[in-house]
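Below is one structure, written out as structure tokens; the observations come after it.
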Amino acid sequence: VDALRRFNLVAALDALVPFSHWVTPDVMASRFDARFFVAEMPDHQEALHCTIETSEGAWLRPIDVLDGDYHVVYATAQHLRRLTPFSKAAELLQFACQKTIRQVHPTVVEGSDGLSVHIPPDLVDAW
39 VDALRRFNLV AALDALVPFS HWVTPDVMAS RFDARFFVAE MPDHQEALHC TIETSEGAWL
99 RPIDVLDGDY HVVYATAQHL RRLTPFSKAA ELLQFACQKT IRQVHPTVVE GSDGLSVHIP
159 PDLVDAW
């Protein structure tokens, strides 16, 4: 809010469309209860990365990140998988406007291969 005031900007909150609600597994050291949104970037804006939390920024298709040599956390990978069917922002926004937002609270399960994260079966394709 301070940055908006300082630069005399107005956040276009009406352009945000709810997409998902994720809560990290209970066993994780870093926890979050986050809502994710989608929006179309206006033509006249330039996206810049935050130099405090990231070292560089790039526009990539979700499938290119998933197939590439990028380290992404579980929730990010799941969101990228959900975005891959959409080639246009308008298609994604239409889908997001019609979908039900269900809380996703994955669990961590220990198996013979070590720890793995699981989404409840009833949510796998429903979030």
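Position one of the sequence shown corresponds to residue 39 (the working numbering), numbered consecutively onward.
Backbone N, C-alpha and C fix where the C-beta goes; we use that ideal spot for every residue, glycine too.
Asked	Found
Kindly give me the distance between the Cβ atoms of Val142 and Ser58, rounded to whole angstroms, as I take these residues to be in contact under 8 Å.	6 Å
In three-state DSSP terms, what is His156?	strand
Please report the distance separating the alpha-carbon of Asp40 from that of Ile90.	17 Å
Give me the Cα-Cα distance between Asp52 and Val146, rounded to the nearest whole angstrom.	36 Å
State the CB to CB distance for the pair Phe45 and Trp60, rounded to an integer number of angstroms; the pair is presumed to be in contact (CB under 8 Å).	Rounded, the Cβ-Cβ distance is 30 Å, inconsistent with contact.
Counting only runs of 4+ residues fully inside the region 100-144, write out the alpha helix (DSSP H) ranges in chain order.	100-105, 112-121, 127-136
From Pro158 to Arg43, what does the alpha carbon distance come to, in whole angstroms?	42 Å
How would you call Leu98, buried or exposed, if buried means at least 16 neighbouring beta carbons within 10 angstroms?	exposed
Buried or exposed: which applies to Gln116, given that a residue is buried once 16 or more other Cβ atoms fall within 10 Å of its Cβ?	buried
Which one or two residues does DSSP pair with Phe75 in a beta bridge?	Pro56
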